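Before any comments, here is the structure.
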Amino acid sequence: MREWFAWSLFDARLEALDQTQQDMVGDAVALLECRAGCSLSDSEQSDDGVIRLTSDPIVMWSRPGLLYVLGGVMNVLSAWWLEWVYGMVKLEFEGIEYLIREGKPAATLDSKSASSYEPIILLHGLGFGLLQYVFTIVFFLNRIPSNQPLVVPLDPSISQSIWHPSHLEPMSRRLWVQGLKGLIEKQGWSDDGVTMISHSKGS
Numbered sequence: 762m763r764e765w766f767a768w769s770l771f772d773a774r775l776e777a778l779d780q781t782q783q784d785m786v787g788d789a790v791a792l793l794e795c796r797a798g799c800s801l802s803d804s805e806q807s808d809d810g811v812i813r814l815t816s817d818p819i820v821m822w823s824r825p826g827l828l829y830v831l832g833g834v835m836n837v838l839s840a841w842w843l844e845w846v847y848g849m850v851k852l853e854f855e856g857i858e859y860l861i862r863e864g865k866p867a868a869t870l871d872s873k874s875a876s877s878y879e880p881i882i883l884l885h886g887l888g889f890g891l892l893q894y895v896f897t898i899v900f901f902l903n904r905i906p907s908n909q910p911l912v913v914p915l916d917p918s919i920s921q922s923i924w925h926p927s928h929l930e931p932m933s934r935r936l937w938v939q940g941l942k943g944l945i946e947k948q949g950w951s952d953d954g955v956t957m958i959s960h961s962k963g964s
């Protein structure tokens with residue numbers, strides 16, 4: 762245990778520590794023993810090795826710029842596809858960009874039935890943004906009534922949209938909530954309410 766603390770605290774072997782460092786290791790072991798409620802003293806009979814932190818080189822790959830380029834292109838293509846195939850429209854309200862399908866009046870439903878469907882607001886999470894959730898959006902669009910609105914607010918600060926002006930300067934939580942509330946009021950949905958669906962960071 763003392764060998765492990767020596768390695769984790771000072772990146773050195775126990776015998777290489779000075780007296781002050783050894784006293785700190787002893788204090789750390791004593792505190793851990795109080796927490797564990799048992800003795801954690803080293804056993805001289807044990808031949809088990811100590812699993813310690815190391816300073817070995819870490820093999821890693823940086824994120825290539827091509828990844829962001831492909832992600833940005835796919836997000837644009839996803840938005841175009843949703844607009845072309847499903848009639849969604851990209852708009853902006855008080856700094857919040859969003860895709861919306863406002864819903865078409867259903868000829869087979871009377872006005873009372875048509876207004877009974879609450880609008881759906883889908884808040885995406887951290888990742889690639891629209892690209893990551895396009896199939897979820899299509900899932901809803903294919904299953905909800907054509908007169909039920911669907912809104913997808915877009916947050917470039919959590920979508921790896923490094924070329925977007927607000928990627929590094931996201932809206933504050935207070936301004937974002939105020940903007941979303943204002944959008945709901947603008948659409949006339951504040952009286953009957955909306956259905957919020959969110960994932961990860963969107964929650």
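Here this note's numbering is used: the first residue of the sequence shown is 762, the next is one more, and so on. Positions of the beta carbon are idealized from the N, C-alpha and C atoms, including for glycine. None of the values given here were measured: they were computed from a predicted structure.
Would you list the one or two residues that DSSP bridges to residue i?
{"i": "L852", "result": "Y859"}
{"i": "L883", "result": "I958"}
{"i": "L892", "result": "DSSP, once it has assigned bridges, lists no residue as partnering L892."}
{"i": "V912", "result": "I861 and I882"}
DSSP on residue i, reduced to helix/strand/coil?
{"i": "P917", "result": "helix"}
{"i": "D779", "result": "coil"}
{"i": "I898", "result": "helix"}
{"i": "L793", "result": "helix"}
{"i": "L801", "result": "coil"}
{"i": "N903", "result": "coil"}
{"i": "S922", "result": "coil"}
{"i": "R774", "result": "coil"}
{"i": "M762", "result": "coil"}
{"i": "W841", "result": "helix"}
Contact defined as beta carbons within less than 8 Å: I believe residue i pairs with residue j. What is the distance between those atoms, to the nearest angstrom?
{"i": "P910", "j": "P880", "result": "4 Å"}
{"i": "V850", "j": "E844", "result": "7 Å"}
{"i": "I958", "j": "V912", "result": "I958 to V912, Cβ: 10 Å. No contact."}
{"i": "P906", "j": "Y878", "result": "6 Å"}
{"i": "S728", "j": "G886", "result": "Residue 728 is absent from the model: the chain starts at 762 and stops at 964."}
{"i": "F889", "j": "Q921", "result": "6 Å"}
{"i": "E863", "j": "G943", "result": "That belief does not hold up - the Cβ atoms of E863 and G943 are roughly 17 Å apart, past 8 Å."}
{"i": "L966", "j": "L852", "result": "Since the first residue shown for the chain is 762 and the last is 964, residue 966 is missing from the structure and cannot be characterised."}
{"i": "V786", "j": "A767", "result": "5 Å"}
| task | Please list the segments of the alpha helix (DSSP H) lying wholly inside the region 927-963, counting only runs of 4 or more residues, in order along the chain. | result | Within the region 927-963, the complete alpha helix (DSSP H) runs of at least 4 residues are 934-947.
Item to check | the region 822-837 touching the region 911-930, judged by at least three CB pairs closer than 8 Å | outcome: The answer is yes - the region 911-930 touches the region 822-837, with three or more Cβ pairs under 8 Å.
Exercise for review: Count the CB pairs spanning the region 885-903 and the region 946-953 that are closer than 8 Å, and state whether there are at least three.
Suggested key: no
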